[in-house]
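Shown next, in C-alpha cells, is the structure this report addresses.
Protein chains: 2
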Amino acid sequence: MAKQRPRTLSGFMELLPARQAQFERMAELLRRSYALYGFTPLDTPIIEASEVLLAKAGGETEKQIYRFTKGDSDLSLRFDLTVPLAKYVALHYADLSFPFRRFQIGKVYRGERAQRGRFREFYQADIDVIGDGKLDIVNEAEIPAIIYHTFTALGLERFQIHVNDRKLLNGFFSMLHLEEKSGDVMRTVDKLPKIGPDKVRELLMADGVSLSQEQADEILKFISITGSNDEILNALEEYRGRHGSFDQGLDELSTVVRYLSAFGVPEDHFVVDLTIARGLDYYTGSVYETFMLDHPEIGSICSGGRYDNLAEYYTDKQLPGVGISIGLTRLFYVLEEQGYLNDELDTAPADVLIFPMTDDMAPAITLATRLRAEGIRAQLYTEQKKFKQKMTYADRLGVPYTAFLGEDEIAQGKVSLKDMTTGEQRLMAADEVPAQILPTLDARRAAAPIREPEKI
Amino acid sequence: MAKQRPRTLSGFMELLPARQAQFERMAELLRRSYALYGFTPLDTPIIEASEVLLAKAGGETEKQIYRFTKGDSDLSLRFDLTVPLAKYVALHYADLSFPFRRFQIGKVYRGERAQRGRFREFYQADIDVIGDGKLDIVNEAEIPAIIYHTFTALGLERFQIHVNDRKLLNGFFSMLHLEEKSGDVMRTVDKLPKIGPDKVRELLMADGVSLSQEQADEILKFISITGSNDEILNALEEYRGRHGSFDQGLDELSTVVRYLSAFGVPEDHFVVDLTIARGLDYYTGSVYETFMLDHPEIGSICSGGRYDNLAEYYTDKQLPGVGISIGLTRLFYVLEEQGYLNDELDTAPADVLIFPMTDDMAPAITLATRLRAEGIRAQLYTEQKKFKQKMTYADRLGVPYTAFLGEDEIAQGKVSLKDMTTGEQRLMAADEVPAQILPTLDARRAAAPIREPEKI
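Chains as they are written, first to last, in my numbering: chain A, 20 to 475; chain B, 20 to 475.
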C-alpha cells in the first residue's frame, strides 16, 4: 500500500512524552495557582462565527485569522481568549455574578509567518476579573500577586513584574501637550535599554516625532525616574496637581504598591517602571509586564492590565476589568531553549513497572490492582522480551521503581522491589510496598517544572 | 456604537461557570484514572495537513470534516484522536518506547447536522496501548478494568461493560460460510433488543441478507447464549475445533474473563455479549461497549477494541494496539439531561469569600494571603455594595465560608467566620481558620461529579 508521509505542520508544537509531561505539569500548576485566587475555569469554543469574533479586530490581526466557510457559515478560529470572554460575558450576562473572575487555558490560532519559536497554534493562559459598571482598585493590586505566586510555583525565581499606570502616563503627556504623539513617544522610549538616553532624545526630536528640546528633556527626565518603588512614587509626587488624570494614576499606582507586601510580593520582584505602556489602546489603568532577569531579550512573559470596556462591541453594559495572559506555548519553548526545564521532574508514565516472571499473570495483576488502589501509578509489562530489553524499557520510561514477581516471590507472598535510582533491590511483602515508596513519590511529584540554570 | 449580537454557534457546548466546574472535575478524574494505569498524557495539533489527516478517511467522515485553505496549505481539523495518534506514532516511532501507552483528552470536530445533543465540537477522552509488532492479550483484559475504575471514580454505579471478540465472531461466521454477509447479519442482530428473536430471524431470511433457515437458526442459537460469563464461555466451548479463528477468539475471551477479578472488576459490571461487534472493520480482537443500566437508549458511553494495524497508512511497521474512547461532551450532556450530575459537588470558585469592613484593605489582604498559603482558595470582595448584595453574591457563588473583618476583629487579631451551610458565625483567630475549615473542604473536594438519581 502507498504510504502517506506523516508530518506535523510547521508552527504547531507537538511534544514527545517526557516533554509533554513537563508541559502538563506547568498547566496543572497554573490551574491550581489561578484557583487559589478564586478564579473559576472556563472553556469556550475554538470556532466562532466570523462576524462575532471579528466585531472588533482589524489590521494585522485580521490577516492572521484562520477563517473559512462550512456550509453557509462564515467561521473563524479564535486568535486570543479575550474576545471569546467578551462574547461570553455579554451573552451570559444575566447568569453571571460580578465581579466575575475566570481563568482559561486554551489553544488560539494565528497564521503568522513560520519561523523558529513562532507558533500558529499556541496555548494562552489567561485570568480576568470583570466588574459590572465598576471594579475596585484592589483587583489591580492583586494581579502582581497572582503573577508572583504563579511563576514562583512553577519554580522561576529570577523574574520581575513591571507596573505602570496608563492614567498617569496619559496625564503626563497631556501636561506636555503631547496627547497626539504619545504612541510615537512611547515606541521611541521603548528603545531606551538598547540605544541609551542620548539616542532616544535625538530620535524624539528628529522628523517624525518632532518634539521640542524642552519636551524631549521633560520626557528624558520622567523616564529616568528610577530607584525603589517608594523613591519613584515620591519623585512622581513632584508632578501632582498639574493634571487630574496624572493625579488619579499616581493614586492608583501608590495603592497598588502599598498593598503589595500584604499580598506577599517581595519588593525585589516588583518595580514601578514608567517606560512600559503596553501597545494596545485598550488599557486604561495599571499595566503589567514580566521579565526574566537573565533573559530580558525574550521580552515580557506575562502581560496585561486594566481596561474600562471589555465587551463594548457586543453590549451597552459598562464592563471594566483587569487581566493578564501568559503565552504558555512560547514560554515553554523559551524555557526549553534556555535550559530552564527541570530534568529532575517526574515525567515517567508510571511509578512502578511490574514484571511478571510466571505464565500466570494473576499475581502480578493483583499487585498492580492493589498499588493503584493506593494511588500508585502501576504498569504491567507483559510482553515476551529478553530481560535486558525489559530493563531498557524501564530506563527509557524513567520509572522510579520496578517490581519482579517470580515463582519464589509468589510462593512467599512477596515482591522484589527495585529502586531504579539507587539500584537497590529488596524482597518485601506486597503490603509493604505503598508505605515504602509513597513518601519518595510525594517528593518526586512536588518538584517544580522550572529550575534555573546554575550561573558560573 | 452599533453592537454585534453575541452568540455561540449551534452544536458547540459552552457552559456556565458551575456546570463548567463539574465538567472540569470529570476531566480531572479521567486524567487521574488513566494515569493510575500508566498512561502518559499527549497533546497533538487540532489542525493537520489534509493529506495526512485524510489518508484513510472516506465516505461519511470526509463529508463532515472542517477543511479549508490558508495560504497554500490544505488544512483540516481533526475529527477524532486516533488518526493523530497514528500519525504521531509513525512520525516519532524512533523516539518512543513500546508498548506505548498514551491518553489524550481533546476537542475534535465533525460538521454533523445540528440537532439536540449532537455536537460539532466535542471532547474525546481516549486511551490506547500500542505495541511494536506484538501486543500481549493482558492489555485487552486490562481495558475493562480501566473502564470500570474510571466510571466508578466519576460516581457512576449502574453500568455494565460488554465484551466480545472479533476473531470468535469472524470464526463463527466462517463456520456458516457467511464471511461476506457478516456485516449485514450483525446489523440485523443489533436490532434484537428492540424487535425480539422472531423478527430478527425473519429479517435474516428476507431479501437482502437472504440466509437459509439453517443459517438463521444457527445465528439465533448463537446469540441466545446468555448467562454468567462462565456459562457463556462453557457454551462456546461446544463450538471449539471447528475453526481456528473461532478457537483463538475463544481463548482470548476466556483469558480476558479469567483475569477480571485480579483486575478488581466485579462480575456484575462485566458481561460477555455475543451481539456486539463494533461497526468498524478496524477491530480484530476484543471489542468493548459500555452501557448505563438505566439508560440503554443512550447507547454505548465508552467503546473500543483491539486492532492490528494502527498506522498502516503512514508506515510499514506493524503497530497493533487496543484502545477505548469516551465521548466526553456527549456524555456530559446526557448526564445533565438525565439528572445524573451531582449538585452537591463543590463548584464554587473560592472556599472563603473575604469581606473587608474597613477602608484599609491590608488586614483582609493579609488574611487572604495566609489562607492561600495553606491551599485554601480565597477571594477578596472589595466592591462598595450593600451588605445584602454582598450576601447575595456569596450565595450565588456557593462559597462554603465567608469571613468578615471589621474594626473589632482587626483590633483583636481575629476574624468572623461564617459557615454558609449552617449559617453559624464564629469569631476566631485568623490562625485557627485553616484547621477549622480544611477538613470540611477535603470532604467537599472528594465528592464525585456523578450521582445516580434515586429510584422511586
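Each residue gets a CB set at the ideal place from its N, CA and C atoms; glycine is no exception.
Asked                                                                                                              : Found
Separation of residue 300/A from residue 162/A, as counted between CA atoms                                        : 20 Å
Within 9 Å, strictly: CB atoms of residue 278/B and residue 380/A                                                  : yes
Residues bridged to residue 89/A [DSSP beta-bridge criterion]                                                      : 92/A
Opening and closing residue of the beta strand (DSSP E) in which residue 205/A lies                                : Counting along the chain, residue 205/A falls outside any beta strand (DSSP E), though it belongs to the alpha helix (DSSP H) covering 201-208.
Identity of the residue in 178/A, 398/A and 90/A nearest residue 284/A by Cα                                       : 178/A
Short Cβ contact (9 Å threshold) for residue 94/A with residue 187/A                                               : no
Whole-Å CB distance - residue 467/A paired with residue 328/A, under 8 Å assumed                                   : Incorrect: roughly 38 Å between the Cβ atoms, too far for contact.
Interface positions of the segment 113-127 of chain B facing chain A (Cβ-Cβ less than 9 Å), listed along the chain : 114, 115, 116, 117, 118, 119, 120, 121 and 126
C-alpha distance - residue 431/A paired with residue 48/B, whole-angstrom precision                                : 36 Å
Residues within the segment 61-80 of chain A neighbouring chain B, beta-carbon criterion of under 8 Å              : 61, 62, 63, 64, 65, 66, 67, 68, 70, 71 and 74
Residue 60/B (DSSP reduced to helix, strand or coil)                                                               : strand
Residue 135/A at chain B interface by Cβ criterion, 9 Å                                                            : no
Residues sharing a beta bridge with residue 437/A, DSSP                                                            : 421/A and 444/A
contact_flag[the segment 167-176 of chain A, the segment 366-381 of chain A] where n(CB pairs < 8 Å) is 3 or more  : no
C-alpha gap between residue 196/A and residue 203/A, whole angstroms                                               : 14 Å
Chain-ordered neighbours of residue 352/B on chain A, where CB pairs are closer than 9 Å                           : Ordered by position in chain A, no residue passes the 9 Å Cβ test against residue 352/B, which lies about 14 Å from the chain.
Proximity of residue 62/A and residue 125/A at Cβ, strictly below 9 Å                                              : yes
Under 9 Å (Cβ pairs) to chain A, residues found in the segment 318-339 of chain B                                  : 330, 331, 332, 333, 334 and 335
Short Cβ contact (9 Å threshold) for residue 73/A with residue 325/A                                               : no
Bridge partner(s) assigned by DSSP for residue 372/B                                                               : 398/B and 421/B
Element boundaries [alpha helix (DSSP H), containing residue 71/A]                                                 : 69-72
Contact list for the segment 154-178 of chain A against chain B, Cβ threshold 9 Å                                  : 154, 155, 156, 157, 158, 160, 161, 164 and 168
CB of residue 89/B within 9 Å of CB of residue 90/A, strictly                                                      : no
Same chain only: Cβ atoms within 7 Å of residue 156/A, ignoring 5 sequence neighbours per side                     : 271 and 274
Reference residue 267/B, options 223/B, 183/B, 403/B and 59/B, closest by Cα                                       : 183/B
Inter-residue Cα distance where the pair is residue 415/B and residue 243/A                                        : 48 Å
Three-state secondary structure assigned by DSSP to residue 23/B                                                   : coil
Three-pair Cβ contact test at 8 Å for the segment 387-394 of chain A versus the segment 344-361 of chain A         : no
9 Å Cβ cutoff, residue 342/A in contact with chain B                                                               : no
Contacts of residue 406/B in chain A (Cβ-Cβ under 8 Å)                                                             : Correct list: empty, because the minimum Cβ distance to chain A is about 16 Å.
Residue 24/B vs residue 71/A beta-carbon contact at 9 Å                                                            : yes
Residue 385/B vs residue 160/A beta-carbon contact at 9 Å                                                          : no
Of the residues 458/A, 112/A and 104/A, the one placed nearest residue 146/A, counting alpha carbons only          : 104/A
Cβ-based contacts, 7 Å cut-off: residues of the segment 372-390 of chain A near chain B                            : 380, 381, 384, 385 and 388
The segment 419-429 of chain B / the segment 306-320 of chain A touching (three or more Cβ pairs under 8 Å)        : no
Nearest to residue 169/B (by Cα), restricted to the options 51/B, 371/B, 108/B and 221/B                           : 51/B
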